[in-house]
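These notes concern the structure reproduced below.
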Amino acid sequence: MAETPVPATLADVPRERWPQHIAIIMDGNGRWARQRRLPRMEGHRAGRDSVERVLEVVEDLGLKQVTLYAFSHENWSRPQDEIDSLMKLYRRNLVAERRRITEKNARFINIGRRDKLPAAVLKEVETNERLGAENTGPVLCLAVNYGGRQEIVDAARSLARDAAAGTLDPETIDEATFASRLYTAGQSDPDLLIRTGGEMRVSNFLLWQISYTELYVTDVLWPDFQKEDLYRAMADYARRQRRFGGLSPDDVR
Ligand code: IPE
Ligand code: IPE
Ligand code: MG
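Using this note's numbering, read the sequence shown as starting at 86 and increasing by one per residue.
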C-alpha cells in the first residue's frame, strides 16, 4: 500500500500519539443551512461531504476506527418530514458506502436500537455489515437511533434475562461482562470524541464508552468540517496527558 504523506499539522506528532479510535458528534447541520437561508435538509446533505472527508483521513492515515453519531434516540422528536428525509439520506449513503467496504477492506458496524429503523434502512445496514464482516481494515461505526442510556438498559436486560434463566451467576458480572452486552461489544473505547457545532454536551452518546475519552469541541459546523479541522483535533489530542486516574510520571518522581 502506498504511504500517504503525513499532513503538516501532524508532521511533528509521533504516530503513536495519534488517536486510533475517533468518535464524532456531527452537529450543526441545521445552523449551517439557516446561515444560508436553505432548508435544514440541505445542511444534512452537505454534511455527507464532511463524512466523506473524515473517512478518507481515516483510510489515508491508517486509523483503526471512526464512530459517527448520525441520529439519536431523541431525534425522533423532530418533525416527521425531517426524519423521513434523513432516513432516505441514510439509505442512499449506506448503498454508496458499499464501494468503500470492498475497496478499502473496511468493516461496517451499526449501533443503536434496530427495531424502530425503517425496513429499507435496516436492509442496507445488514447488507453492509455482512459485506464487511471479515474485513480487517478501518472500522466505520455508525450510530443511528442510538442512545447511550437505552444501550445500558438493553445490556442490563440481556444480563437479567440470562440470570433469570439460570445461565449467568450475577456475582460474576464485571465491567468486561457488561461491556460485552453493549452494542459496541468487542470494540475499543474511543480515544478522542469530537463535537462540532460548539455545544458542550454529550447528548446521550456512548455514555459507558467515553469514561476516559479525551473531549474536543469545535465551533465549526459539521458541513464546514475540513480535513484540516480533524488534523487539528488529532494534534490537540496528542498534547494531552491521559492519566486514567493515576499520576503523571512527573508526579511520581
Ligand atoms: C446534527 O445536526 C444532525 C442530526 C442531529 C441528525 P442538527 O440537525 O442537530 O443541526 P443543528 O444543531 O440544528 O444546527
Ligand atoms: C446530537 O445532536 C445528535 C447527533 C449529532 C446525531 P442534537 O442536535 O440532537 O443534540 P442536542 O439536541 O443539541 O443536545
Ligand atoms: Mg443539533
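Each residue gets a CB set at the ideal place from its N, CA and C atoms; glycine is no exception.
Open item on the list: Under 8 angstroms, with one C-beta from each stretch per pair, do the region 250-265 and the region 187-200 reach the 3-pair mark?
Closed with: no
Task: D112 CB to nearest heavy atom of ligand 2 below 7 angstroms - done: yes
Open item on the list: Excluding the 5 residues flanking W117 on each side, which residues of the same chain have their C-beta closer than 6 angstroms to its C-beta?
Closed with: G128, L306, P308
Open item on the list: Assuming E236 is part of the beta strand (DSSP E), what are its boundary residues?
Closed with: Taken as a continuous stretch (DSSP letters only), E236 belongs to no beta strand (DSSP E), being part of the alpha helix (DSSP H) at 233-250.
Open item on the list: Taking 7 angstroms as the limit between beta carbons, can you name the residues of its chain near R324, skipping five residues before and five after?
Closed with: none
Open item on the list: On the criterion of 16 or more Cβ atoms from any shown chain inside 10 Å, does M111 qualify as buried, or is it exposed?
Closed with: buried
Task: Any alpha helix (DSSP H) of 4 or more consecutive residues that is wholly inside the region 95-143 - done: 114-120
Task: Contacts around V151, its chain only, beta-carbon distance under 8 angstroms, and the 5 residues preceding and following it disregarded - done: H106, I107, A108, I109, V139, L140, V143, P223, V224, L225, C226
Open item on the list: Using CA atoms only, rank isn't needed, just tell me which of F290, S288, A155 is closest to G132.
Closed with: A155
- [ ] Identify the continuous alpha helix (DSSP H) that holds T262 and give its terminal residues.
- [x] 260-264
Open item on the list: To the nearest angstrom, how far is the alpha carbon of A248 from that of D239?
Closed with: 14 angstroms
Task: Identity of the residue in N220, A228, T94 nearest M172 by Cα - done: A228
Open item on the list: Rounded to whole angstroms, what is the Cα-Cα separation between L292 and D276?
Closed with: 14 angstroms
Task: Among R125, E188, V180, the one whose alpha carbon lies nearest that of P164 - done: R125
Open item on the list: Closest to Y322 by C-alpha separation, out of F193, M285, V91, L95, would be which residue?
Closed with: L95
Task: Between the CA atoms of A181 and D134 - distance to the nearest angstrom - done: 12 angstroms
Open item on the list: Quick check: T187 and L216, are their CB atoms within less than 8 angstroms of each other?
Closed with: yes
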